[in-house]
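So the structure is just underneath, and the comments pick up after that.
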Amino acid sequence: TVGAVARDRDGRLAAATSTGGMTAKAPGRVGDTPVIGAGTFADDGSCAVSATGYGEVFLRWSAAHEISARMRLAGASLEEAARHVVEVDLGAYPDSGGVIAVDAAGNIAMPFNCEGMYRGHVRTGAAAQTAIYR
Amino acid sequence: MSTGYALAIHGGAGTLPHARMTDAAAAEYHAALAAVLAAGEAVLQEGGSALDAVTAAVCALEDAPLFNSGRGAVFTADGAQEMDAAVMEGTSRRAGAVAGVFGPRNPVRLARAVMERTDHVMLIGQGALALGRSAGLPFEEPEYFFTQPRWDALQETLELRARGGEDDDPARRHG
Numbered sequence: 021t022v023g024a025v026a027r028d029r030d031g032r033l034a035a036a037t038s039t040g041g042m043t044a045k046a047p048g049r050v051g052d053t054p055v056i057g058a059g060t061f062a063d064d065g066s067c068a069v070s071a072t073g074y075g076e077v078f079l080r081w082s083a084a085h086e087i088s089a090r091m092r093l094a095g096a097s098l099e100e101a102a103r104h105v106v107e108v109d110l111g112a113y114p115d116s117g118g119v120i121a122v123d124a125a126g127n128i129a130m131p132f133n134c135e136g137m138y139r140g141h142v143r144t145g146a147a148a149q150t151a152i153y154r
Numbered sequence: 057m058s059t060g061y062a063l064a065i066h067g068g069a070g071t072l073p074h075a076r077m078t079d080a081a082a083a084e085y086h087a088a089l090a091a092v093l094a095a096g097e098a099v100l101q102e103g104g105s106a107l108d109a110v111t112a113a114v115c116a117l118e119d120a121p122l123f124n125s126g127r128g129a130v131f132t133a134d135g136a137q138e139m140d141a142a143v144m145e146g147t148s149r150r151a152g153a154v155a156g157v158f159g160p161r162n163p164v165r166l167a168r169a170v171m172e173r174t175d176h177v178m179l180i181g182q183g184a185l186a187l188g189r190s191a192g193l194p195f196e197e198p199e200y201f202f203t204q205p206r207w208d209a210l211q212e213t214l215e216l217r218a219r220g221g222e223d224d225d226p227a228r229r230h231g
């Protein structure tokens, strides 16, 4: 699975996700990627999220929307909301995956509960950074 | 409102276990991720929208056979490839998604066509493909999407299952 989240110069947020699914998956199986609120979500008032991992878990927890809800309704920061969902909610399912997220201020969070996640980020005036493991 | 931009990308969490990752492979992944960031950042630097930036970044990821989407998509148990994609913008909460498609070079562009050209949020299968053709999106033949490592991974998984094994290795999910 791959994905991207962005905040543009006008403060607008967007998210996109794309996947081939899981190796040897059942034909017709659909994971969280195309399900808005589970693997992909964007709301200018809170955050944009793209997920990767064991899709059924992200579907059951409505993971991407849950991060946004924690920010809007509980006043959590992006980092707090994303970490709670990935490490506490999804943490009950070890190695279930991770998310990338950006908020309206341009903060970025990229928590995952497995050994690694191919990832990268860049901001205005800063060098791009890429990583694989913790 | 700040005039800064920010972009984050991921290429999946089904990574090779650290012990199996060679320096050469890691360098290849880092280079690919950097190229994807550059594609998305170029849009933002020019004052483009977040929606255009994430579309450009995901297209670049889909074009790279290292990652599980588009050209590097994994195979189903039947030896086929089925792709899913979605896009959403946060200003008006417009969203588009597709599932179970095969043929469009960039499934994320098909998802965006659903958002921009229909009243719907998700289309699947033949209906989605018909939209892609009417929108003039590029399609590719099966050979374009075939990669030997993904085919080998399918065979290994099927053999494991035939022996009654449980395939719970996250590195094999490519998800």
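Chains as they are written, first to last, in this note's numbering: chain A, 21 to 154; chain B, 57 to 231. Backbone N, C-alpha and C fix where the C-beta goes; we use that ideal spot for every residue, glycine too. Keep in mind that this is a model prediction, so the values were computed, not measured.
Determine whether the Cβ of residue i lies closer than 7 angstroms to any Cβ atom of chain A.
i, result
"B:A218", "no"
"B:A106", "yes"
"B:V157", "no"
"B:L63", "yes"
"B:G146", "yes"
By a C-beta neighbour count over all protein chains shown, 10 Å radius and 16 as the cutoff for buried, is residue i buried or exposed?
i, result
"B:A136", "exposed"
"B:W207", "exposed"
"B:R165", "buried"
"B:F195", "exposed"
"A:G57", "buried"
"A:G95", "exposed"
"B:Y85", "buried"
"B:A155", "buried"
"A:S66", "buried"
"A:R29", "buried"
"A:Y138", "buried"
"A:G136", "buried"
"B:T78", "exposed"
"B:H230", "The pLDDT assigned to B:H230 is 49, lower than 50, so where the model puts this residue is not dependable; a value taken from the coordinates is nonetheless given after this. Answer is buried; the Cβ neighbour count reaches 16."
"A:R27", "buried"
Report yes or no: is there a C-beta of chain B within less than 7 angstroms of the C-beta of residue i?
i, result
"A:H104", "no"
"A:P131", "no"
"A:S38", "yes"
"A:A24", "yes"
"A:L33", "yes"
"A:R29", "yes"
"A:A44", "yes"
"A:I128", "yes"
Just how far apart, CA to CA, sit residue i and residue j?
i, j, result
"A:T37", "B:A151", "12 angstroms"
"B:A94", "B:A169", "24 angstroms"
"B:E175", "B:P163", "The sequence shown places Asp at residue 175 of chain B, not Glu. C-alpha separation (whole angstroms): 18 angstroms."
"A:H141", "B:L63", "6 angstroms"
"A:F132", "A:A24", "15 angstroms"
"A:Y74", "A:G31", "31 angstroms"
"B:S105", "A:P47", "36 angstroms"
"B:M144", "A:F78", "17 angstroms"
"A:W81", "A:A71", "12 angstroms"
"B:F123", "B:T59", "32 angstroms"
"A:R92", "A:A101", "10 angstroms"
"A:T150", "B:I65", "9 angstroms"
Please indicate yes or no: does the CB of residue i lie closer than 6 angstroms to some heavy atom of the ligand ATP?
i, result
"B:A191", "As far as ligands go, the structure on display features none, and thus does not contain the ligand ATP."
Between the Cα of residue i and the Cα atoms of the options, which residue gives the shortest distance?
i, options, result
"B:G181", "B:S105, B:E84, B:S125, B:G159", "B:G159"
"B:Q204", "B:A184, B:M144, B:F131", "B:F131"
"A:L98", "A:D63, A:Y113, A:A146", "A:D63"
"B:A87", "B:G103, B:G67, B:L100", "B:G67"
"A:G41", "B:G70, B:A112, B:G220, B:R76", "B:G70"
Determine which residues of the stretch 80-91 of chain B have a Cβ less than 8 angstroms from any Cβ of chain D, and write them out in chain order. Considering every chain present, this structure includes no chain D. Its protein chains are A and B.
Taking beta-carbon pairs under 9 angstroms, can you tell me which members of the stretch 172-197 of chain B lie near chain A? V177, M178, I180
Mind listing which residues of the stretch 113-138 of chain B have their C-beta closer than 8 angstroms to chain A's C-betas, in chain order? A113, V114, L117, E118, F123, N124, S125, G126, G128, A129, V130, F131, T132, A133, D134, A136, Q137, E138
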